[in-house]
Every structure is written in structure tokens, then in C-alpha cells.
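Asks: My questions all concern the structure below.
What follows is the structure, given as C-alpha cells:
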């Protein structure tokens, strides 16, 4: 799916910041040549890249990142406690990788000037693989696992109680006996509350049903009282005893429908408040601020129960982002127009004006820099730094005008006569912060209320840097949203899935307001600053590369007007100059550089855009007008051509320019001339002008010249009614052919003798596919014209006429569409029209024997037999029942008997379930024309029953004369003899099946003493697939279906296999003879591990030899090859911990029933395990492959190919804790 997307080479063009710290993961490195990552967008918040299907991780990480108390607690962990990432691969080092990677991803999201950050280093620390990051998972499950992983990683550090301190609460369960009054209390902790959405319309109602409802335990749900010592009726209720600072609520939207036996998602309305009062649900209900919570994050799930997408709505608590609405964007534009040309102002006045526009309380340093850059188009660094230094030094150099607090990076204007200390937070800053804390702002960010200000052109501090605004974090995209958008997540397929509340009493310090550097460790800040500097350099260089274009310059002295277009005068062709330009330069600068390049130019100097057309070079007046326009504004891009001339003539001839005068190159065909003539004409030339020009060149009158397009195949005459239309209006393009016919001229053909086709005519190709070739006289195919409303019967009659066939065959043949793959589709009904039959221009129809179905009939394909082979095609009535249809098919195929039934065949060619109700009509079963049905031998089973083939597995050498052994086992040492077929319910257990097998064995005079002396195998392709275990399990849960093949093995003693046991077939190699002894069963216990060493020890114990003397190998029956089983080689330099060897995986794929060859190294040290039979079988496989190759080369393409077998998908999820 990804091809070579994940390149492993590192180069200097690789975007930095994807992995801002340490060694970057190379799995998702961009391909070479891509530019640097984009900077942050207008929201000034950083998103997270999706690694394939990690949206659930991104949404949860953004929520944790915008929980300031959690983020700062992670930052407070010292390197002495966590260790260093450089030492994580050293033996014996204890490096807490997950907290370290969380520190780095949080600092990246805070400080890195990049649109989106990568989490590949974080997921590497989880122990995830590439496949894990491409699978969808549940965010509620990840929340619990990640909290557990963090808690385990912080054991023994100062943050060991981080999860408990922030997210742990307790629930008190009370059970009271209704008879004796005994009360049992149970206290249990919680980290998130699971609330059922089903049956509740709001969050308050769901909480009330959990913590205010008293449950009566009676009937089948009685309670066992320890005092009464019996089951009694009791009451149960739950209360919240203690609440954490951060309350996490998981909404259970996924349920299971027991009737339909499938999962579904609850999409009904479920409201939740922005402010939650939890007092009524607590053990001690009080009206206190301790029970007040504010919503700050909502994780939204979009999709169904089997897949979807996660994103998060998060409130910006610390004011790190820039919230803006449509109205605020308009205010920005008005502000820019009112402030006037900033670059011309004195920097002191410029700063004053920016601060005044921000409001009386001032603004942050970052907000001021952003506002200045938005208005001026350049930053302070580029505009004023050379003359006035950095902005910080400039503000500190004017303490009489500005108040700059370096602790919180806050700037405001000093009032006249104010001599306060600039090093402290001024009163206006405190007033702004207090206004935010008490929620007394005139306009709350994120709401839909209008700005309550006397002048909409005046900016407040909130407009520039609003606090508490809501943002939508959707992977790498971050956009501001209003609080009303949260209401859209109450219901529907895109609805709230997790809710995060924080206590209203939690207040943030003033220093954290709009300050992304707050409490970030200095070492992380330095690393991010270094990466940001590198990003700025790369973006600057990339901008230069993007704006560099290559253009070709053509000079007019080297060209002349010929055949309607500008052609090079030199026989060697065009002699253009190549220039590298900056597309941001103006037209005047371009002309100046061209004059310097040419040295001298006589006369007027003009530059125009040029384009190579089939007729020659054409000039466009693209650079006329204002010479201060940039090349981009003039439409000059990379690869463009420029033409230098005097603006009017070339070699004394006037040159028409512009789009209307573009030349079109046409091929002119005259009947008296063998080769066509190529000439160019202006597209704005009318047909009358073209006719007169051609008639004048041919020496005839314009009235005698008739022109037709599409010469010589499909000819459409251009009549005199179209004389006023231009060549562009006639849709003539380069390369079109025109036929020129002069009426009455000798040697020319009169147009009336040619075929005239009406406009809108379509063409189809009809091929003669009739079996009777005696009447054929034509070439076997013909082109037939038709309109969209032409009946199929008319098309068939026209095809028979053009193919010169006997008209009497019209009633015995039909038209079928050629699908292009060698298959013919359903015959076309002659009652339909071409549009209804979905016929397209240029499609191919085949004329075949047979009649077409009517509106009340169906055309069906039937396959008879146990395997998909030759087909039978029939037309049956829609009202025909399944039983009648089956009888018609059997009669046509010449088959007798009543033990047959019909099965559906899927689009991929696989036989599906039988048609159980034989009295229902085909129309009610939604069977359509073209469907495929399979006629299977055997009586139709009752619904819910299985038909299983039973084979007896016997030991013994291969005997050529043994006719009862239908199938020989692997290497010929076992033979499988078919017993009978059994019919059994799919609800029956494995023991029930063994009882029926014992009955069959009794009929064969084979006595079995116990069910435990029978071992049942599931056979696939006449080879061992797996052992059927768990005697009480239902057959349908064991994966059995109709026509499954069961192998029966008789045991010498009773056997009870555990789920971890694997039964292998041991064969000892006889030295020097290339043959093996009889099969011996080995029960290999894989509970501990499944490695080559453990298998070798089990084999050595079985054969009673030392492991060092043995050599073992696995036999592959399909290829008759042997693979020696040995320990995986260990590399010298191991960067990551190597996974333990597992013989169930590649390349051995060890499973039940596999043959293991055993050699004694002392008697036969050769690694060759092949036997004589292996050599014969391999030779036979080569011969069969060669025969199949020859048959496939000569096979008729109309025969459908059998579908490939389906491969089961397996997913392995590693534990990253």
C-alpha cells in the first residue's frame, strides 16, 4: 500500500522538527526533495501528525498537553530521576523513556514553530511497531493503559503519585440486607467514570442513575448475607466519596444487539454542560466550590462501531493560542487600513499605536510581535533591528513611554506622570488578569455573542490574544471553534466520546498567561530554539528555491511567420536563451536584465509571453501595462517562454497575438491529392472566411467547395448554416482532418456519394460470434451508428445487414456486451433502448446464438458438480421457484435424481450458502440477470446442520494395489480411507461428533474403547490443518462448515490435550538409505516458549539421545522441501532488544500435524533430509507446473479463473508498559 514511502536515507532536505529530539525514527521520513515543514498557522497552536491510524493517540495527547497541571508535573521531573535517552540502549541502565518522551513532545507542542509534530519517538517508547500504528484502537482503552504505563514508569521518583494526585477518586458501594439490616460497605478507587449513554438524555441523568438510584436486589439477583447465611433481598447504592481535581468521564456509546448479533453505536441525543455541579452525587452533598467543575476537553468520535476517526475540542486555559472568528478577521482588515502605512512611522510611534490598539491593559510580547508582522508584512527583526536593536532592548531603552515586565513578557503604555516601577506587574496587567479570573470580559472568546465595544475598529487584548477559547485539534489541523459547536456533538455519528472536567477552584498563575515557556526546563528550551533557528534557515533557502524559475527567451530576429505560425529561420531549429529568474521581481527589472544580457537592441523593446503550439510559436501580450507588477502577477511560471520583439511585426509582417488569434493546425484532404496538406488558421476565423480562403487557393468558387470534418472515417458536413461560427465555436482542435470536395470537378468525389451522419451519432463495434460460419461473407466485424434512443432491435438488424448475414437468423441470435476481459455479459433485451442498456460510444458487442430475455425473464449462469467448471446458460422466468429452476437445469444437463440443490456464487467466484426454501420464487430471492448459481450434489440439509466427510487415518507403507486408499498421506507413510459422511447440527459439541464417528467405526468392525482414544483432525487439501480440541465446544465455534473433511486418528492410550500442546509427527532418518521410519507422535508443550532449542530438547527426550547429537528439520508437503530448525543467528551489534524466536512464525510456521525429520549427527552428518519420494514428487511438481503453463497459454480467455484462496488476517498487539 505504501510502496517506497518510508525511505531510510537521511539527507539535509529532511524536515527537522518531525523528531525534534534525539535520533529521529526513520519509518515515516519524507522522501528526498520535500521542503521544510510548514510553520504554525493563525491559531499559533501545534497539531500532531497522524502516523496512519493514531488519531486516538493524538486526541488524548492534546488533552494531556492542555492540562497545565499534568504538563508541568511532567516537566518538574529532573534528569537525575529519569535518566538520559542516550543511555537507554546500555545494559543495566534504568532510563524512564516514556516520561522523557512526554517531556519532549510537550515542549515541542509548546515551542516548536511547526504546524504539526511527530509522535514516532513516543510510540517507539511504547514498543509499538509499524503495524500497530496502522490499526485503529479505542481512546478510552488507551487512556487507561497510558495512565498505567506512566504510573509504572514513575515508580521511585518524585512524581510517583502523579496519576493518583490528579485523577484518582473513590466510590463507596453500600449493600443493606432487607431482613436483618446488615450493611456492607466497599470502597473502590476510580480514574475515570464509565457512564452508559443508553437510556439517558443528559450527563446529569446518567450520573443520577449511577449515584442517586437505589437498586433492589431480589429474585435471581438476590444477595448472600453473611449474617443471615442465605440469599436474601437487599438494596444497593453507590456514592462518590472523594473527587479528583480532574474528572474524566467515558461515555459508553458502543452496545451489542443480542437479536441481530452485532455491535452498534448509540447516536441518540446526550447533552452535557459546560459547568457541572457534582454535589448531588457525592456521599456528603454540599453546596461548595469543591464540587464545581468546568469542561475543558471533549474527545469526539466520528464513524461507527467498527472504525472511525477521533479529534478533540479543547479549551485554551493558558491562552497559548489565538482565537479568531469571521467578524474578528474583518476587524483585523479594518485595523490595518486605519493604522495606515506602518513602515513609514517612527518605531516609537509605531509601538505606541500597536499597544493603544490592543487596549488600555496592554498585551504580551508575542502578541505584539505577531500584530506588527501581520500589519507590516515583515518582522521587527528585518525592519528595525539593525538601527534600534531587538524589540526587548528597544522597549527597555524607553522606560518613560513603555512598561515592560520581563517576568510575564507583558507590555503596556506608561501614563503621563506615572513613575511606577517597570519591573513589577502594573495595575492594568493585574486588572486584566483579575477580569479574566472573574469571567467579566465584555466578549468571551469562543462564544457567538457580538463584540460589546463602542468602536468595532478598536482592538481589545482579547481580540489579539483571547483566553479560554475553544479549538478543534484534528491531527495536524487546529482551528478555533465556538462553544455552540459543542452542542453539535450531543448526537449523531460524530458525537462526544470522552469528557474532561477540571475543578473550578483551580486557578492558573499570572505568569502562565500567554507564556509557552512557563516552567519548561532550560535544556528542552535550548534544544527547541536550536531547531527553530535551523527551520528558519531552511525555510528561507526553500523560499528562494521555490521562487527560482527557468524561462526560455526567444528573439524575434531568429523567427519568421510561415504557414500561420512563427517558425525558426535557421534550419537547425530554435536558438532560445535560458535564464534563471526570481518570480518576485518586477517586469521593469526583467527588461533591465534582458537589455544587459543582449547588450544592444535597435528600436522599440517589448517582452511578451510565448507558447509552443503545433502550428508554431504564438505570442501573448502578458507583460503589457504596469511594469511594477511581479512575474507571478503576469502569469510567468517555471518553464515559460518569453518573446523579445518590437511589439508589432516580425520580419516586416504583422503578428496577431492573444488567445483569440491562436492558430489551429488542420489536415486538409483533397481527393485528387494523395498526401494531406497541413495548414494553420486563426481560431477566431469564421467558417465562411475559411471556405473563401481555401477556394481562392484551389482556384474554385466558394459555393462549389464543400467541407466535411472527420475525414475519411466519420464524415460530418459543415453546411452553409454554420458559416458564421468560428473555428473555436466548431470545436476544431489541432490535428483534426477536413475533407475538401468540389462538386462536379473531375477526379473529385461528389459529397452526396459519401455517408452523411447526423450530429450526436455514436458508434459501436459489432463482432460476429455465431457458431455457424456458412453464411459469413464479410470481415467478421462492423461499425454500427446509433443514437441514445435507438432500440436494441434496430441495432441488431443494422449489424446483421453490415455483417452481410442472412436476415432469417434475427430470431435466433442476440447481442451481448464484451466486458473486455474475455467474458460476455447478459444478452441485451431487444425491448430496451441504447441509453437504458448503458451503451457507450466505442464499446464492443458480440452477436451470439440464442435469444435475449424479456422483461419477465432472467438470464442465469449455472455450474454443475462439486467444483467450479464448465458453465450452463439458461433463461428462466422470474416467477419460477427454486425447485422448478433446479428441475429445468437438471433436465437440460441430462441429470437424474432428487439429491441436488442450488447454491449462490459470489462475485469473486466462491460458492455461498444453499437456497434453503425451494418453494420461493427467484424474484423474491432478489436474483437478477447475470447471477451465477451452483448446482451441488447431495440432498438439501435442514437449516443449521452440517455435512462432514470422515476419513480414517491408518499407518502403513504406500501400496500401489491398494484401491481403497483414496488419498495417500504425507510422504506415503499414512493413507486416508474414506468412511462415510455424517450429518450433525452445528450446535452439537465435539463429543457428539466423536460419538457419531465411533458409530461409523463400529460399522467397519473397528472397536474404540473411549472417546479419549480418538483424535480428530481438520483436513484442508488432504493435509493436516489443525486438531479439534475442547470437547464441550460447539462445532460452529470450532470453525466447521458443510463439506469440511475430518480425519480420525486411533490412539493406543487415552489423551487429553491442553491448549498449549502441539502434536508433531516425528520420523527418524535411516542413515545411508534416504528413507524414514514409521511416524511417531510427539506432544510438544509450548506453554513456556516455542523456540528451536525447546523443540530440540523435547525431541531428544523422546528419542532418548542428547540434544547435541541431533539435527531436526521440518517437511513442507506442498513443495516437498526440508528446512533445518535451528536457533536464530544473533547479530553482533544489537540496537534494540531482539524478540524471542517463535517457531509458529516465519520461516517455519510450525503447527499441529507437521512432519519433523530427526537425524543423528554421528551416523549421518549431512544436512540433506530429502528422500527418494521427495525427489519424485518435486519432479512431478515441475512437470505439472510446465503442463499448467502450456495449458494457460492456450486456454480460451472466456473461461473464468478460479478465485485465489482467502488469507486470514492476524493482528498482534504488543504490551508497551
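Numbering (my numbering), first residue to last: 99 to 1315. Idealized CB from N, CA, C, for every residue including glycine.
1) Can you tell me the Cα-Cα spacing of residue 456 and residue 365, whole angstroms?
2) Counting along the chain, where does the beta strand (DSSP E) carrying residue 1144 start and finish?
3) Work out the CA separation of residue 945 and residue 936 for me, nearest whole Å.
4) With burial defined as no fewer than 16 other Cβ atoms inside 10 Å of the residue's Cβ, what is the status of residue 372: buried or exposed?
5) Do you know offhand how far residue 267's Cα is from residue 336's?
6) When the Cα of residue 1253 is compared with those of 1239, 1262, 1223 and 490, which residue comes out closest?
7) For the alpha helix (DSSP H) holding residue 892, just list the boundary residues, first then last.
8) Compute the Euclidean distance between the alpha carbons of residue 863 and residue 766, then round it to the nearest angstrom.
9) Which of the three DSSP states is assigned to residue 775 in this structure?
10) Our contact map puts residue 1117 next to residue 1026 with C-beta atoms below 8 Å; I'd like the distance itself, whole angstroms only.
11) Within 10 angstroms of the Cβ of residue 1212, are there 16 or more other Cβ atoms? Answer buried if so, exposed if not.
12) Where does residue 582 sit, in a helix, a strand or coil, going by DSSP?
13) Report yes or no: do the segment 614 to 633 and the segment 205 to 213 share at least 3 C-beta pairs separated by less than 8 Å?
14) Quick check on this structure: which residue in 1185, 839, 869 and 932 has the alpha carbon closest to the alpha carbon of residue 884?
15) By Cβ distance, which residues of its chain are closer than 6 Å to residue 402, with the 5 residues on each side in sequence left out?
16) Which full runs of the alpha helix (DSSP H) of 4+ residues lie inside the segment 206 to 236, going along the chain?
17) Closer than 6 Å by C-beta to residue 1036: which residues in its own chain qualify, once you throw out the five before and the five after it? Chain order, please.
18) For residue 665, list the residues DSSP reports as bridge partners.
19) To the nearest angstrom, how far is the alpha carbon of residue 468 from that of residue 262?
20) Quick check: the Cα distance between residue 226 and residue 248, rounded to an integer number of angstroms?
21) Determine the DSSP secondary structure at residue 262, reduced to helix, strand or coil.
22) What are the complete alpha helix (DSSP H) segments, minimum 4 residues, inside the segment 720 to 799?
23) Residue 1050 to residue 1086, Cα distance in whole Å?
24) Between which residues of its own chain and residue 653 is the CB-CB distance below 6 Å, once the five residues before and five after are set aside?
25) Start and end of the beta strand (DSSP E) containing residue 814?
26) With DSSP collapsed to three states, give me the class of residue 914.
27) At least one CB of chain B closer than 7 Å to the CB of residue 267: is that the case?
28) So residue 346 and residue 290 are in contact, right, with Cβ under 8 Å, and what is the actual spacing, rounded?
29) Whose C-alpha, out of 608, 444 and 410, is nearest the C-alpha of residue 507?
30) Name, in chain order, the residues that DSSP records as bridge partners for residue 453.
31) Between the C-alpha atoms of residue 1268 and residue 1214, what's the straight-line distance to the nearest angstrom?
32) Whole alpha helix (DSSP H) runs in the segment 579 to 622 with 4 or more residues, listed along the chain?
33) Answer with buried or exposed for residue 714, where buried requires no fewer than 16 other C-beta atoms within 10 angstroms of its C-beta.
34) Count Cβ pairs between the segment 138 to 155 and the segment 567 to 582 that sit closer than 8 Å; are there 3 or more?
35) Any chance the segment 817 to 834 sits against the segment 783 to 799, with 3 or more Cβ pairs inside 8 Å?
36) Enumerate in chain order the residues of its own chain whose CB-to-CB distance from residue 1248 is below 6 Å, with the five nearest sequence positions on each side excluded.
Replies: Quick answer:
1) For residue 456 and residue 365, the distance between alpha carbons rounds to 44 Å.
2) 1143 to 1148
3) 17 Å
4) Exposed: under 16 other Cβ atoms inside 10 Å.
5) 13 Å
6) 1223
7) The continuous alpha helix (DSSP H) containing residue 892 extends over residues 890 to 900.
8) 27 Å
9) Three-state result, residue 775: strand.
10) The pair is not a contact, with the Cβ atoms about 37 Å apart (cut-off 8 Å).
11) buried
12) helix
13) yes
14) Taking the Cα of residue 884 as reference, the smallest distance to any Cα among 1185, 839, 869 and 932 is reached at 932.
15) Annotation for residue 402: 363 place their beta carbon closer than 6 Å to its own, counting only its chain and skipping 5 residues before and after.
16) 218 to 224
17) 997
18) 658
19) 40 Å
20) Residue 226 and residue 248: Cα-Cα distance of roughly 16 Å.
21) helix
22) 785 to 796
23) Taking the straight line joining both Cα atoms gives about 21 Å.
24) 742
25) 814 to 816
26) strand
27) The question asks about chain B, but that chain is absent: this structure has only one protein chain.
28) 4 Å
29) 608
30) DSSP lists no bridge partner for residue 453.
31) 11 Å
32) With a minimum length of 4 residues, the unbroken runs of alpha helix (DSSP H) contained wholly in the segment 579 to 622 fall at 582 to 585.
33) buried
34) yes
35) yes
36) 1241 and 1242
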